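Chemist: Counting from 239, one number per residue, gives the positions in the sequence shown under our numbering. Before we start, here is the structure in question, set down as C-alpha cells.
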Amino acid sequence: MKAFHGKQEVKDFYIARIKAHRAADEIVKGQYWEKDDDGVFRGCAIGCSLHTADHNAIVKEWDFPLSLGYLEDCIFENLPQELALDWPLRFVSAPKPGSDLSHIVDHFLIWVLTDGVHGVIRFAQKDNERAAIQAVSDLYVRKAANDNPSPEEWDAAEDAAGAAARAAEDAAGAAARAAEDAAGAAAEDAARAARAAGDAAGAAAGAAAWAVRDTAYISFADKLIELMKAA
239 MKAFHGKQEV KDFYIARIKA HRAADEIVKG QYWEKDDDGV FRGCAIGCSL
289 HTADHNAIVK EWDFPLSLGY LEDCIFENLP QELALDWPLR FVSAPKPGSD
339 LSHIVDHFLI WVLTDGVHGV IRFAQKDNER AAIQAVSDLY VRKAANDNPS
389 PEEWDAAEDA AGAAARAAED AAGAAARAAE DAAGAAAEDA ARAARAAGDA
439 AGAAAGAAAW AVRDTAYISF ADKLIELMKA A
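Shown next, in the form of C-alpha cells:
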C-alpha cells in the first residue's frame, strides 16, 4: 500500500477539505456525513474527510488499510471535544505520501497490549493473565513482520486472552470503583459540613473519572500519529 497513492496532491486536497470543514464548524461526533436540520452537511472524522459513511472509502481514496479507518473513527468519538475537532486534520496530515501503513494497526495493538506505561498488561494480576496478553501481542509482532500466524494460533490465543481480558477489565473496574468510593466518602464528609461543598466534590469526582478516560484516548491518538509519521 502507498498512502495517498503516493501523490502529495491527493493529501493536499483532503487537508484543504478538512480545514474548510473545521473552519465552518462542520465536524461533529455521532454521525457520518448527513444534513442537519439547518440543511448543512456535517460529519465525523471519516464523514468530514471522505463525505461518506463507508469506511472502505479510506482504502479507495487514500490507500490506507480499512482497520486504520475504524481506529481513526474510534479515537475521534472518544477524544475530548476540542481535541476531537482537530483529530481528522492531525490524522490525515501524519503519513507521508507513499508510506506503507499496512502494519500500523498491528504496531498500535502491540503497544496497547504490552506497553509498560499504557498497555493493558499492567492491569493483569496473575502470571497466566500476563502470559495470555503477551501471547496475543507476540502474534501481532509476527504479523507485523509478515510472519502471519495460523488461524489455529489466533484461536488458541483468543481463548486464553478472553479470560485475561476479563481479568484486566475487572482489575481496572476495581480501581475505578475504589476511586469512586473514595471520592464519594470525601463528598459525604464535605456534605456534613455543607451540602453545597458536597455537591462540588461530587462534580469534581465525576470530572476526574472522565479525565482518566480522556487521558487514555489522548495517549492513543498521540501514539497513532507517532506510528504513522514514522512509517
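Glycine included, every Cβ here is placed at the ideal spot set by N, Cα and C. Since we're looking at a predicted model, the values are computed, not measured.
Do Arg280 and Val266 come within 8 Å of each other at the CB atom, strictly closer than that value?
Modeler: Yes; because the gap between Cβ atoms is below 8 Å, this pair is in contact.
Chemist: Can you list, in chain order, the residues of its chain whose CB lies under 8 Å from that of Arg328, leaving out five sequence neighbours each side?
Modeler: Closer than 8 Å at the Cβ level, and outside the excluded window around Arg328, lie Ala459 and Ile463.
Chemist: Mind checking which residues open and close the beta strand (DSSP E) that includes Glu272?
Modeler: Counting along the chain, the beta strand (DSSP E) containing Glu272 begins and ends at Trp271 to Lys273.
Chemist: Would you decide whether Gly277 is buried or exposed? Buried here means 16 or more other CB atoms lie within 10 Å of its CB.
Modeler: Under this definition Gly277 is an exposed residue.
Chemist: Residues in its own chain within less than 7 Å of Ser337 by CB, not counting five upstream and five downstream?
Modeler: Excluding residues within five positions, the ones whose Cβ falls inside 7 Å are Ala241 and Ala469.
Chemist: To the nearest angstrom, how far is the alpha carbon of Lys334 from that of Arg260?
Modeler: Whole-angstrom Cα-Cα distance: 22 Å.
Chemist: Does the beta-carbon of Val205 have 16 or more other beta-carbons within 10 angstroms, so that it is buried, or is it exposed?
Modeler: In the structure as shown, the chain starts at 239 and stops at 469, and residue 205 therefore has no counterpart that could be examined.
Chemist: Can you check which of these residues, Ile456, Gly400 and Leu465, is closest to Leu323 by C-alpha distance?
Modeler: Comparing Cα positions, the closest option is Ile456.
Chemist: Taking the C-alpha atoms as reference points, what is the distance between Val358 and Thr453?
Modeler: In a straight line, the C-alpha of Val358 is about 14 Å away from that of Thr453.
Chemist: Going by DSSP in three states, Gly244 sits in which element: helix, strand or coil?
Modeler: Helix at Gly244.
Chemist: Threshold first: 3 residues or longer. Then list the beta strand (DSSP E) segments lying entirely within the region 255 to 315, N to C.
Modeler: Whole beta strand (DSSP E) segments, 3+ residues: 271 to 273 and 279 to 281.
Chemist: Give every residue of the same chain whose Cβ lies closer than 7 Å to the Cβ of Lys216, excluding the five residues on either side of it in the sequence, and list them in chain order.
Modeler: Summary: the structure shown does not reach residue 216, with the chain confined to residues 239 through 469, and so no result is reported for it.
Chemist: Within the region 314 to 358, note down every full alpha helix (DSSP H) run reaching 4 residues or more, in order along the chain.
Modeler: Correct list: 319 to 331 and 342 to 352.
Chemist: Measuring only the C-alpha atoms, how far is Glu264 from Asn316?
Modeler: In a straight line, the C-alpha of Glu264 is about 18 Å away from that of Asn316.
Chemist: Using only CA atoms, which one of His341, Asp344 and Ala398 lies nearest to Ala369?
Modeler: Closest by alpha carbon: Ala398.
Chemist: DSSP three-state call for Asp385: helix, strand or coil?
Modeler: Reduced to three states, the DSSP call for Asp385 is coil.
Chemist: Out of Val374, Pro389, Phe251 and Ala383, which one is the CA nearest neighbour of His341?
Modeler: Checking every option, the nearest Cα to that of His341 belongs to Ala383.
Chemist: Thinking just about the alpha-carbon of each residue, which of Ile296, Met239, Tyr270 and Gln269 is nearest to the one in Tyr252?
Modeler: The candidate whose alpha carbon is nearest that of Tyr252 is Ile296.
Chemist: Near Leu304, what residues of its chain come up, given a Cβ to Cβ distance below 8 Å and the 5 sequence neighbours on each side ignored?
Modeler: Once the five neighbours on either side are set aside, the close Cβ partners of Leu304 are His293, Asn294, Ile296 and Val297.
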